[in-house]
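Novice:
Number of protein chains: 2
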Amino acid sequence: MTDPPAPRESLAASSSFLRACRGEPVASTPVWLMRQAGRFQAEYRAIREKVGFLELCKTPDLAAEVTVFAVRQLGVDAGIIFADILLVLEPMGLRVTFEKGDGPVIHDPIVGARDVDRVTGEIDAASLGYVGDAIRGFKRELPRVPLIGFAGAPFTLASYAIEGGGSKNYVATKRLMYEDPGAFSALMERLSVAITRFLSMQIDAGADAVQLFDSWAGALSPRDYRAHVAPHMKRIVDALPDGVPVITFGTGTGGFLEELAASGADVVGVDWRLDLADAARRLPGVTLQGNLDPVTLFGPVSAMKPAVEAILAAARGHRGHVFNLGHGILPGTPVDHVRALVELVHELSAR
Amino acid sequence: MTDPPAPRESLAASSSFLRACRGEPVASTPVWLMRQAGRFQAEYRAIREKVGFLELCKTPDLAAEVTVFAVRQLGVDAGIIFADILLVLEPMGLRVTFEKGDGPVIHDPIVGARDVDRVTGEIDAASLGYVGDAIRGFKRELPRVPLIGFAGAPFTLASYAIEGGGSKNYVATKRLMYEDPGAFSALMERLSVAITRFLSMQIDAGADAVQLFDSWAGALSPRDYRAHVAPHMKRIVDALPDGVPVITFGTGTGGFLEELAASGADVVGVDWRLDLADAARRLPGVTLQGNLDPVTLFGPVSAMKPAVEAILAAARGHRGHVFNLGHGILPGTPVDHVRALVELVHELSAR
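Chains as they are written, first to last, in this note's numbering: chain X, 1 to 351; chain V, 352 to 702.
#1: Short of 6 Å in beta carbon distance, which residues of its chain neighbour A485 of chain V, apart from the five on each side in sequence? Order them along the chain.
#2: Hey, how far is the Cα of A125 of chain X from the Cα of I461 of chain V?
#3: Exposed or buried, S215 of chain X, counting other C-beta atoms within 10 Å across all chains shown (16 or more means buried)?
#4: Just checking: is the beta-carbon of P334 of chain X within a distance shorter than 8 Å of some beta-carbon in chain V?
#5: Hey, could you find the ends of the alpha helix (DSSP H) P727 of chain V is sitting in?
#6: Tell me the residue span of the alpha helix (DSSP H) that contains A12 of chain X.
#7: Looking only at C-alpha atoms, which of X:S167, X:D180, X:V71 sits nearest to F138 of chain X?
#8: What does the Cβ neighbour count give for A261 of chain X, buried or exposed, with the cut at 16 atoms within 10 Å?
#9: Would I274 of chain X pass as an interface residue toward chain V - the criterion being a Cβ-Cβ separation below 8 Å?
#10: At the level of alpha carbons, what is the spacing between M352 of chain V and R487 of chain V?
#11: Note down the Cα distance separating D468 of chain V from E441 of chain V, rounded to an integer number of angstroms.
#12: Between the C-alpha atoms of V342 of chain X and D278 of chain X, what's the straight-line distance to the nearest angstrom?
#13: For chain X, check one thing: does any of its Cβ atoms lie closer than 8 Å to the Cβ of Y651 of chain V?
#14: Given a threshold of 16 other Cβ atoms within 10 Å of its Cβ, counted over all protein chains shown, does G500 of chain V qualify as buried or as exposed?
#15: What does I106 of chain X pair with, by DSSP beta-bridge criteria?
#16: What three-state label does DSSP hand A151 of chain X in the structure shown?
#17: Identify whether A219 of chain X lies in helix, strand or coil by the three-state DSSP scheme.
#18: Could you say which of X:L283, X:G23, X:R235, X:G332 lies nearest to Y44 of chain X if we only look at CA atoms?
#19: CB-CB under 6 Å to G483 of chain V, same chain, minus the five flanking residues each way: which ones, in chain order?
#20: Leaving out the 5 sequence neighbours to the left and right, which residues in its chain are closer than 6 Å to A616 of chain V when beta-carbon positions are compared?
#21: Are there three or more Cβ pairs, one per stretch, closer than 8 Å when the segment 87–101 of chain X is compared with the segment 170–182 of chain X?
#22: Am I right that L550 of chain V and A502 of chain V are in contact with their C-beta atoms under 8 Å? What's the rounded C-beta distance?
#23: Quick check for students: name the residue ranges of the alpha helix (DSSP H) that lie wholly in the segment 286–335 of chain X, counting only runs of 4 or more.
#24: May I ask which residues mark the beginning and end of the beta strand (DSSP E) holding Q73 of chain X?
#25: From which residue to which residue does the alpha helix (DSSP H) around L563 of chain V run?
#26: Please list the terminal residues of the continuous beta strand (DSSP E) segment that includes G620 of chain V.
#27: Is it the case that the Cβ atoms of G317 of chain X and D293 of chain X are separated by a distance below 8 Å?
#28: What's the gap between the Cα of T507 of chain V and the Cα of A568 of chain V?
#29: Excluding sequence positions up to five away, which residues of its chain have a Cβ less than 6 Å from the Cβ of P356 of chain V?
#30: Assign G254 of chain X to buried or exposed, taking buried as 16 or more other Cβ atoms, counted over all protein chains shown, within 10 Å of its Cβ.
#31: Hey, could you find the ends of the alpha helix (DSSP H) M489 of chain V is sitting in?
#32: Measure the C-alpha to C-alpha separation of R22 of chain X and A661 of chain V and round it to an integer number of angstroms.
#33: Label A664 of chain V either buried or exposed according to how many other C-beta atoms from any shown protein chain fall within 10 Å of its C-beta, with 16 as the threshold for buried.
#34: Any chance the CB of K58 of chain X is under 7 Å from a heavy atom of the ligand NAP?
#35: Could you work out which residue in V:A397, V:G650, V:E540 is closest to Y170 of chain X when comparing CA atoms only?
Okay, here's the thing in structure tokens:
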């Protein structure tokens, strides 16, 4: 509260999360949890009864507050700024709303090549300044806790922009990719430029690491990922400043983990559909993040413990490990089980 | 039509599909497609305007007709009897209906241990005799075409029985698995006994191979699959008669393909999220089935061709390969693209 902001260098040396990202030794495995501020918390639901989702994202004090609350409540080793992967679509020229219970709607989806010209990559990052303000708010409150900034990865954002919302089979997205690879690539490029600007702004505001969420990349075959997505991921990672760890994450991406690492990311997130030992064998040079099945948190702690032990054992001796779930915390997850998980990770890995 | 039914032995020797299942040389790669009789066909939709889905499954003449039609229309190398994985739940004691547009509903789902006692594995397979009749109907019409029988695998059926229908996160299923592994295992055992009886009946009726659809096994971590599912799969495969190839298939199962093979299945189906070359390297001893992304069929044939070539190249030199999609044909898929795919597979693999 009254501490001056810790200089980045001292946090980089003291934070187990940032050390693990760089493959340096840690006293116990750092842990944070995707969607660690969210609907599973009564306090979050109380705030959301008063303000809509987008309003919460765009009110820096509130966004910082829920981010800080999650760190304090759960005892995790990093915060992740409360925001949404779709925010960047607005300054690009698309209109996004969140309908209650229905998920996001993009009101003017991309249909073909000429629609791509409607969106710009050259966004003014100041239009997303509320995310920067929330980051600064978090840093004032918890200067000694590393904070993760994030953005959606270009394929996931392209899917939303083309499908107009969530999708089951990504038919429209893949059809554009197959029928007009030039237009698809142009869209991916514009998204990549905008994402890079958005992440750079978050780093300038104080984010200590950034994560690219490619939630839907697992819908692709490895062949299509290599041809249509991997080059754009690499371009983004290359364009970000050195010294700030980059994490890539997707679900269902076990078939092309090597490609995620080839982007140059320091950390590759792994979902629970893969043994972490397999990922460690395949990616010796990067830190791994993951990979407990989020539904494990609904079961008894006695069943969670051996699952956590198995993950820690798989990561032992590897370059670096950041414990996380294989996907976000689900609504309805018991808060005390989440706290128990964080304690278990610290306790079992410190032995 | 007027041919006498071909004896099983002669079909086993002449059919490229059955030869590939056993790892024997073939003149060109056999191909069939999951959901090759379905809503993408105008003729199927016309029948479904007159009869409901369950009624179609339970009317042997019609079920045989749509099965035969798909083989003739598409030129595939095997039929798969038109039926549904949930049919077996009825004689087990659960009430299943298909609501228009909403998918299946199980009206009295399994909640806890005492509900497991409500279901029996010792089904009278005669109660599913309509599937046997449909198989015999197909064999009268197309005696020289191998026919695949099928059943849902126990985990997928357990998920339906517990969730009461489709599910996104399988929270109830996994919670029972974690909280009461004994009850979960008892349910899986009963399902396995019923599935074995159902498949044996289909083989008696003339099915030349059988496929176990574990559509949702990919929701599990490899660790949970090994502990809670694999032993039941092995028990089913062990109990089936020798000489009839068994295919296992699931989506999102790339993290534990080895376990699918360890069941003793002759053929392992692979979805499109994995390079087939990876699967071939990991499973030298089994035939592989797959693995084109079904959405590829929505794109131009010019984009489909290199994808097919890549799959055929990955399988070259492997023990055996049955070409298929990585999941079922989607509604809206252009029929002429499906036919083009079958021709491409035959043409490119015969070179």
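Positions of the beta carbon are idealized from the N, C-alpha and C atoms, including for glycine.
Specialist: In this structure, then:
#1: What you label residue 485 of chain V is simply residue 134 of the second sequence in a count that begins at 1. Closer than 6 Å at Cβ, skipping near neighbours: P411, A414, A415, I432.
#2: Counting from 1 along the first sequence, the entry for residue 125 of chain X is found at position 125. Counting from 1 along the second sequence, the entry for residue 461 of chain V is found at position 110. Roughly 52 Å separates the two Cα atoms.
#3: Within the first sequence, the letter at position 215 stands for residue 215 of chain X. The residue is buried, with at least 16 neighbouring Cβ atoms inside 10 Å.
#4: The sequence position of residue 334 of chain X within the first sequence is 334, counting from 1. Not one chain V Cβ lies under 8 Å of P334 of chain X.
#5: As shown, chain V starts at 352 and ends at 702. That puts residue 727 of chain V outside it, with no answer to give.
#6: Here residue 12 of chain X is taken as the residue at index 12 of the first sequence, counted from 1. For A12 of chain X, the enclosing alpha helix (DSSP H) starts and ends at 8–14.
#7: In the first sequence, counting from the first residue as 1, residue 138 of chain X sits at position 138. Among X:S167, X:D180, X:V71, the Cα nearest to that of F138 of chain X is on X:V71.
#8: As a working note, residue 261 of chain X is residue 261 in the first sequence. By the neighbour-count rule (16 or more Cβ atoms within 10 Å), A261 of chain X is buried.
#9: For the purposes of this step, residue 274 of chain X is identified with residue 274 of the first sequence, where counting begins at 1. Checking the displayed sequence, the identity of residue 274 of chain X turns out to be Leu instead of Ile. By this cut-off, L274 of chain X is an interface position.
#10: Numbered from 1 along the second sequence, position 1 holds the residue referred to as residue 352 of chain V. Numbered from 1 along the second sequence, position 136 holds the residue referred to as residue 487 of chain V. Low confidence applies to M352 of chain V: its pLDDT is 46, below 50, so where it sits in the model is not reliable enough to give any reading.
#11: Looking up residue 468 of chain V in the second sequence gives position 117. Looking up residue 441 of chain V in the second sequence gives position 90. One C-alpha to the other measures close to 15 Å.
#12: Your numbering for residue 342 of chain X matches position 342 in the first sequence. Your numbering for residue 278 of chain X matches position 278 in the first sequence. Those two C-alpha atoms are separated by around 24 Å.
#13: For the purposes of this step, residue 651 of chain V is taken as the residue at position 300 of the second sequence. Correcting the residue identity first, residue 651 of chain V is Pro in this sequence and not Tyr. Yes, P651 of chain V lies at the interface with chain X (some Cβ there is under 8 Å from its Cβ).
#14: Position 149 of the second sequence holds residue 500 of chain V. Result: buried.
#15: The count along the first sequence starts at 1 and reaches residue 106 of chain X at position 106. I106 of chain X pairs with X:V96.
#16: Counting from one through the first sequence, the residue named residue 151 of chain X turns up at place 151. The three-state secondary structure of A151 of chain X, taken from DSSP, is strand.
#17: Working through the first sequence from its first residue, we reach residue 219 of chain X at position 219. A219 of chain X: helix per DSSP, three-state reduction.
#18: Position 44 of the first sequence holds residue 44 of chain X. Cα-wise, what sits closest to Y44 of chain X is X:G332.
#19: Working through the second sequence from its first residue, we reach residue 483 of chain V at position 132. Answer for G483 of chain V: M552, A556, listed in chain order.
#20: Your numbering for residue 616 of chain V matches position 265 in the second sequence. Hits under 6 Å: V588, V597, T599.
#21: no
#22: Along the second sequence, one-based indexing puts residue 550 of chain V at 199. Along the second sequence, one-based indexing puts residue 502 of chain V at 151. Right, their Cβ atoms sit about 5 Å apart.
#23: 301–315
#24: Taking the first sequence and counting its residues from 1, one reaches residue 73 of chain X at position 73. From DSSP, Q73 of chain X is part of no beta strand (DSSP E) but of the alpha helix (DSSP H) over 60–74.
#25: Counting from one through the second sequence, the residue named residue 563 of chain V turns up at place 212. Careful: L563 of chain V lies outside any alpha helix (DSSP H), inside the beta strand (DSSP E) at 560–564.
#26: Looking up residue 620 of chain V in the second sequence gives position 269. That run of the beta strand (DSSP E) goes 618–620.
#27: Looking up residue 317 of chain X in the first sequence gives position 317. Looking up residue 293 of chain X in the first sequence gives position 293. Against a cut-off of 8 Å, the Cβ pair of D293 of chain X and G317 of chain X comes out as no contact.
#28: Here residue 507 of chain V refers to the residue found at position 156 when the second sequence is read from its first residue. Here residue 568 of chain V refers to the residue found at position 217 when the second sequence is read from its first residue. Taking the straight line joining both Cα atoms gives about 7 Å.
#29: Counting from 1 along the second sequence, the entry for residue 356 of chain V is found at position 5. Caution is warranted here: a pLDDT of 49 is assigned to P356 of chain V, below 50, making its placement in the model unreliable, and the coordinate value is therefore given only provisionally. Contacts found: K490, P494.
#30: Here residue 254 of chain X corresponds to residue number 254 of the first sequence, with the count starting at 1. Buried.
#31: Position 138 of the second sequence, counting from 1, holds the residue named residue 489 of chain V. According to the sequence as given, residue 489 of chain V is Phe; it is not Met. Run containing F489 of chain V: 480–492, per the alpha helix (DSSP H) assignment.
#32: Counting from one through the first sequence, the residue named residue 22 of chain X turns up at place 22. Counting from one through the second sequence, the residue named residue 661 of chain V turns up at place 310. Rounded to the nearest angstrom, the two C-alpha atoms are 37 Å apart.
#33: Taking the second sequence and counting its residues from 1, the one referred to as residue 664 of chain V is at position 313. So A664 of chain V ends up on the exposed side.
#34: Summarising the ligand content, the structure contains no ligands, and the ligand NAP is consequently not present.
#35: As a working mapping, residue 170 of chain X is identified with position 170 in the first sequence. Comparing Cα positions, the closest option is V:G650.
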